[in-house]
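Engineer: Below: one structure in structure tokens.
There are 2 protein chains.
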Amino acid sequence: MRGAVLYAPGDVRVEDRPDAAIIKPTDAIIRLSATCICGSDLWPYRGVEKLDGPAVMGHEYVGVVEEVGSEATTVKPGQFVVGSFVASDGICEICRSGYPSSCVHRVFMNEVGTQSERARIPHADGTLVATPGMPGAELIPSLLAASDVLGTGWFGAVAAQAGPGKTVAVVGDGAVGLMAVLAARQLGAERIIAMSRHETRQKLAREFGATDIVTERGNDGVAQVKELTNGLGAHSVVEAVGTQESMRQAIGSARPGGHVGYVGVNHDVALSGEELFFAQVSLLGGPAPVRRFLPQLIELIWERKIDPGKVFDLTLPLDRAAEGYQAMDERRAIKVLLQP
Amino acid sequence: MRGAVLYAPGDVRVEDRPDAAIIKPTDAIIRLSATCICGSDLWPYRGVEKLDGPAVMGHEYVGVVEEVGSEATTVKPGQFVVGSFVASDGICEICRSGYPSSCVHRVFMNEVGTQSERARIPHADGTLVATPGMPGAELIPSLLAASDVLGTGWFGAVAAQAGPGKTVAVVGDGAVGLMAVLAARQLGAERIIAMSRHETRQKLAREFGATDIVTERGNDGVAQVKELTNGLGAHSVVEAVGTQESMRQAIGSARPGGHVGYVGVNHDVALSGEELFFAQVSLLGGPAPVRRFLPQLIELIWERKIDPGKVFDLTLPLDRAAEGYQAMDERRAIKVLLQP
Numbered sequence: 240m241r242g243a244v245l246y247a248p249g250d251v252r253v254e255d256r257p258d259a260a261i262i263k264p265t266d267a268i269i270r271l272s273a274t275c276i277c278g279s280d281l282w283p284y285r286g287v288e289k290l291d292g293p294a295v296m297g298h299e300y301v302g303v304v305e306e307v308g309s310e311a312t313t314v315k316p317g318q319f320v321v322g323s324f325v326a327s328d329g330i331c332e333i334c335r336s337g338y339p340s341s342c343v344h345r346v347f348m349n350e351v352g353t354q355s356e357r358a359r360i361p362h363a364d365g366t367l368v369a370t371p372g373m374p375g376a377e378l379i380p381s382l383l384a385a386s387d388v389l390g391t392g393w394f395g396a397v398a399a400q401a402g403p404g405k406t407v408a409v410v411g412d413g414a415v416g417l418m419a420v421l422a423a424r425q426l427g428a429e430r431i432i433a434m435s436r437h438e439t440r441q442k443l444a445r446e447f448g449a450t451d452i453v454t455e456r457g458n459d460g461v462a463q464v465k466e467l468t469n470g471l472g473a474h475s476v477v478e479a480v481g482t483q484e485s486m487r488q489a490i491g492s493a494r495p496g497g498h499v500g501y502v503g504v505n506h507d508v509a510l511s512g513e514e515l516f517f518a519q520v521s522l523l524g525g526p527a528p529v530r531r532f533l534p535q536l537i538e539l540i541w542e543r544k545i546d547p548g549k550v551f552d553l554t555l556p557l558d559r560a561a562e563g564y565q566a567m568d569e570r571r572a573i574k575v576l577l578q579p
Numbered sequence: 240m241r242g243a244v245l246y247a248p249g250d251v252r253v254e255d256r257p258d259a260a261i262i263k264p265t266d267a268i269i270r271l272s273a274t275c276i277c278g279s280d281l282w283p284y285r286g287v288e289k290l291d292g293p294a295v296m297g298h299e300y301v302g303v304v305e306e307v308g309s310e311a312t313t314v315k316p317g318q319f320v321v322g323s324f325v326a327s328d329g330i331c332e333i334c335r336s337g338y339p340s341s342c343v344h345r346v347f348m349n350e351v352g353t354q355s356e357r358a359r360i361p362h363a364d365g366t367l368v369a370t371p372g373m374p375g376a377e378l379i380p381s382l383l384a385a386s387d388v389l390g391t392g393w394f395g396a397v398a399a400q401a402g403p404g405k406t407v408a409v410v411g412d413g414a415v416g417l418m419a420v421l422a423a424r425q426l427g428a429e430r431i432i433a434m435s436r437h438e439t440r441q442k443l444a445r446e447f448g449a450t451d452i453v454t455e456r457g458n459d460g461v462a463q464v465k466e467l468t469n470g471l472g473a474h475s476v477v478e479a480v481g482t483q484e485s486m487r488q489a490i491g492s493a494r495p496g497g498h499v500g501y502v503g504v505n506h507d508v509a510l511s512g513e514e515l516f517f518a519q520v521s522l523l524g525g526p527a528p529v530r531r532f533l534p535q536l537i538e539l540i541w542e543r544k545i546d547p548g549k550v551f552d553l554t555l556p557l558d559r560a561a562e563g564y565q566a567m568d569e570r571r572a573i574k575v576l577l578q579p
């Protein structure tokens with residue numbers, strides 16, 4: 240089957256890879272209807288995350304079940320399914336407490352590499368959620384978004400305790416940040432401040448529900464958010480970048496007693512304990528427990544209440560994945576959908 | 240009036256200081272029935288926090304109101320009152336949201352210096368809570384504890400979401416850590432793991448409600464907590480020290496989806512964003528919003544349901560405060576009560 244492999248920073252190739260096959264009796268094999276490129280794929284693509292030799296790529300996926308292992312009992316061949324970027328057993332104490340992305344038996348799907356025609360999904364029963372029927376082509380992008388970018392933005396907003404009466408600030412105008420805006424809106428936030436300096440992203444943020452735009456960054460951005468919130472800061476802040484500056488901006492933008500949900504994968508970030516102590520904000524982040532939200536997100540998409548698929552502004556055949564990486568790396572595209 | 244002044248690391252003197260007097264119409268003057276020495280007083284005493292010249296000391300207090308300013312309307316002369324180590328107006332948005340220690344008009348009481356015979360309490364109406372009547376001498380230590388050490392341990396346990404069915408680990412066996420054990424018990428925790436290597440403190444921890452003792456520290460301590468929790472870590476962890484090691488121990492001891500409440504004032508702590516991200520724990524700390532809990536704590540003490548005053552294991556006249564600092568610095572005393 241065809242699949243993407245990263246050989247070195249900047250060098251992604253789509254080539255023939257061994258066909259996906261059942262390894263454990265709890266596995267399923269799906270034929271992908273769509274896959275995509277994630278902001279976090281750019282970390283190794285840019286050489287920030289080091290490679291130990293060629294690496295299969297991709298962790299987002301929707302598709303049709305082709306085969307299941309002998310112990311996969313709820314997922315059936317022929318079903319259209321959505322799964323999280325972390326496979327989870329669904330039955331351990333951590334899964335049951337709502338944190339499937341920290342499942343004691345979790346498998347990060349980038350180890351499987353879903354930028355491919357077919358993919359093995361571990362813990363199929365715990366991981367996959369079937370849609371109510373076979374979706375029309377127009378729903379595929381939104382369902383694909385649920386696999387990670389929407390689910391991650393949603394977790395950011397939930398972790399930040401976005402809700403009625405709240406002012407929510409979102410740091411980062413990448414796809415996850417934009418999805419956090421959508422999530423905050425769905426969760427009933429009163430005011431949503433998108434921090435963005437790119438006009439096309441500001442426009443999309445407004446479409447998704449942003450009520451205010453702040454273009455400044457760092458301390459100036461913090462000052463602007465305070466200015467908009469009676470000097471206090473936002474109740475809820477979603478951090479969707481993962482750098483030192485963006486984390487400080489997020490913490491600084493929250494009021495005492497407020498909540499920061501951080502979903503940008505942190506790289507070389509060191510938080511000052513003292514700053515955090517006196518900021519008196521709650522901090523919760525990590526790999527988003529997307530599986531927790533999937534049934535709700537699929538329902539919202541199926542009923543056409545949200546259209547997160549709009550976040551894909553470039554669609555390419557899988558074989559041209561390299562162009563997609565370039566476009567995202569250069570910020571010419573927000574998020575790239577790949578068609579196997 | 241007599242009051243404590245720190246002149247240099249290790250050099251605390253009780254001397255004549257200007258008598259406490261109303262400065263703002265919202266102030267009250269109290270005559271202290273008791274005050275005490277806090278673990279956080281040791282930071283400047285040990286030279287970890289630098290001094291800009293001689294500093295008045297102390298921020299914990301209970302006593303009788305002697306005089307109120309023209310705008311203090313709920314607090315009356317003659318009342319016995321307890322207040323937090325942070326004076327707060329009680330009416331700003333941050334106070335009303337439950338975070339009076341981050342009140343927009345807050346005054347840290349160590350700027351007033353309550354290791355003294357009398358003290359000016361800013362924002363008297365917002366800060367002070369009157370007891371139902373004049374307490375007997377036997378209740379004074381417990382009421383004094385509510386002013387900071389109990390309230391701070393309580394906040395740690397609340398921030399860690401200690402409650403029924405939860406396993407709570409407490410890092411730090413100082414007075415605050417011991418109070419966090421008491422709080423976790425009152426909040427209904429199922430299992431309370433005190434991390435302590437000192438026999439007398441272990442004993443007190445068990446009296447306050449600890450069900451398990453872990454003597455190891457750092458990674459070994461984390462491993463022990465995991466061993467006691469089916470490999471997962473505690474649901475709730477209270478950090479009551481404030482060092483790099485204790486913060487890492489606390490975060491490492493919590494399970495994914497768990498909560499860390501940190502109340503040790505952080506000094507030179509840098510948290511790895513990446514470690515925190517993958518730990519997937521909620522973090523909340525800062526100066527404890529003690530005022531939020533005071534009515535409940537006073538009631539528990541008044542009804543003899545808790546006896547936090549046991550945390551004081553040395554009582555001295557105010558004039559011998561220097562001996563108290565020495566005893567706490569050398570860990571010969573857990574917490575020292577001073578009688579003006």
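Line by line, the protein sequences give chains H and G.
Under the working numbering, think of the first position of the first sequence as 240, with each following residue one higher.
Under the working numbering, think of the first position of the second sequence as 240, with each following residue one higher.
Note that the Cβ used here is the ideal one computed from N, Cα and C, for glycine as well.
(1) For G352(G), is the classification buried or exposed, using 16 other Cβ atoms within 10 angstroms of its Cβ as the cut-off for buried?
(2) Give the secondary structure of S475(G) by DSSP, where H, G and I count as helix, E and B as strand, and everything else as coil.
(3) Taking the alpha-carbon of G427(G) as reference, which of H437(G), A449(G), S435(G), T439(G) has the nearest alpha-carbon?
(4) Is H362(G) close to chain H? Criterion is C-beta to C-beta, closer than 9 angstroms.
(5) Quick one: which residues of the stretch 290 to 301 of chain G get their C-beta closer than 9 angstroms to a C-beta of chain H? List them in chain order.
(6) Please classify V407(G) as buried or exposed, where buried requires at least 16 neighbouring CB atoms within 10 angstroms.
(7) At the 9 angstroms Cβ level, is D507(G) part of the contact set with chain H, yes or no?
(8) Would G457(G) pass as a contact of A419(G) if the rule is Cβ separation under 9 angstroms?
(9) On a Cα-Cα basis, can you pick out the residue from L577(H), R571(H), M567(H) that is closest to S279(H)?
(10) Measuring CB atoms only, is the stretch 457 to 472 of chain H touching the stretch 436 to 449 of chain H, in the sense that at least three cross pairs come out at less than 8 angstroms?
(11) Between Q483(G) and chain H, is any beta-carbon pair separated by less than 9 angstroms?
(12) Need the endpoints of the alpha helix (DSSP H) that R256(G) sits in, please.
(13) Given this structure, state the Cα-to-Cα distance separating V320(G) from A326(H), to the nearest angstrom.
(14) For a contact meaning CB atoms closer than 8 angstroms, what does P283(G) contact in chain H?
(15) Would you tell me roughly how many angstroms separate the C-alpha atoms of A527(H) and G390(H), rounded to the nearest one?
(16) I'd like the ranges of any alpha helix (DSSP H) spanning at least 4 consecutive residues and lying wholly in the stretch 403 to 488 of chain H.
(17) Along the alpha helix (DSSP H) that carries K531(H), what are the first and last residues, could you check?
(18) Would the beta-carbon of V307(H) fall within 9 angstroms of that of A363(H)?
(19) Would you decide whether K574(H) is buried or exposed? Buried here means 16 or more other CB atoms lie within 10 Å of its CB.
(20) Check this for me: beta carbons of A500(G) and V477(G), under 9 angstroms apart or not?
(21) Residues of chain H with a CB under 9 angstroms from the CB of R494(G): which are they?
(22) Between Y564(G) and chain H, is there a C-beta pair that is closer than 9 angstroms?
(23) Which residues share a DSSP beta bridge with P556(G)?
(24) List, from N- to C-terminal side, the beta strand (DSSP E) runs of 3 residues or more that fit wholly inside the stretch 274 to 335 of chain H.
(25) Could you run through the stretch 533 to 561 of chain H and flag, in chain order, every residue whose CB is less than 9 angstroms away from some CB of chain G?
(26) Do you know how far the Cα of V410(H) is from the Cα of E484(H)?
(27) For W282(H), tell me which candidate among P248(H), Q354(H), L536(H) has the shortest Cα-Cα distance.
(28) Output the distance between the C-alpha atoms of R494(H) and A473(H), rounded to the nearest integer angstrom.
(29) Could you say which of A243(H), Q488(H), G525(H) lies nearest to E199(H) if we only look at CA atoms?
(30) Could you tell me whether any Cβ in chain H is nearer than 9 angstroms to the Cβ of A398(G)?
(31) Of all the CB atoms in chain H, is at least one closer than 9 angstroms to the CB of P371(G)?
(32) Give the range of the beta strand (DSSP E) segment to which L367(G) is assigned.
(33) Residue range of the beta strand (DSSP E) that A358(H) falls in?
(34) Across the stretch 506 to 513 of chain H and the stretch 526 to 546 of chain H, are there enough close Cβ pairs to call them in contact, namely three or more that are closer than 8 angstroms?
(35) Within 8 angstroms, do at least three Cβ pairs link the stretch 283 to 292 of chain G to the stretch 241 to 255 of chain G?
(36) Tell me the rounded alpha-carbon separation between I262(G) and I360(G).
Structural biologist: Taking the definition as stated:
(1) buried
(2) strand
(3) It is A449(G) whose Cα lies nearest to the Cα of G427(G).
(4) H362(G) has a beta carbon lying at 9 angstroms or more from every beta carbon in chain H.
(5) none
(6) buried
(7) Cβ-Cβ to chain H under 9 angstroms: yes for D507(G).
(8) no
(9) For S279(H), the closest C-alpha among the options L577(H), R571(H), M567(H) is that of M567(H).
(10) Judged by Cβ distances under 8 angstroms, the stretch 457 to 472 of chain H makes no contact with the stretch 436 to 449 of chain H, as fewer than three pairs qualify.
(11) Yes - at least one Cβ of chain H is within 9 angstroms of the one on Q483(G).
(12) Element bounds for R256(G): n/a, residue is neither H nor E.
(13) 56 angstroms
(14) Within 8 angstroms of the CB of P283(G), no CB atom of chain H is found; the nearest one sits about 15 angstroms away.
(15) 7 angstroms
(16) 414 to 425, 438 to 447, 457 to 467
(17) Residue identity differs from the one stated: residue 531(H) is Arg in this sequence, not Lys. Taken as a continuous stretch (DSSP letters only), the alpha helix (DSSP H) holding R531(H) covers 529 to 541.
(18) yes
(19) Looking at its Cβ environment, which holds 16 or more other Cβ atoms inside 10 Å, K574(H) is buried.
(20) Going by the sequence as given, residue 500(G) is Gly instead of Ala. The answer is yes: Cβ separation under 9 angstroms.
(21) E332, I333, S336, Y338, S341
(22) no
(23) Q578(G)
(24) As far as the stretch 274 to 335 of chain H is concerned, its whole beta strand (DSSP E) runs of at least 3 residues are 301 to 307, 319 to 322.
(25) none
(26) 10 angstroms
(27) Measuring from the Cα of W282(H), the nearest candidate turns out to be P248(H).
(28) 6 angstroms
(29) Here chain H comprises residues numbered 240 to 579, so residue 199(H) is not present and cannot be evaluated.
(30) yes
(31) no
(32) 367 to 369
(33) 357 to 360
(34) no
(35) yes
(36) Spanning the two alpha carbons is a distance of roughly 10 angstroms.
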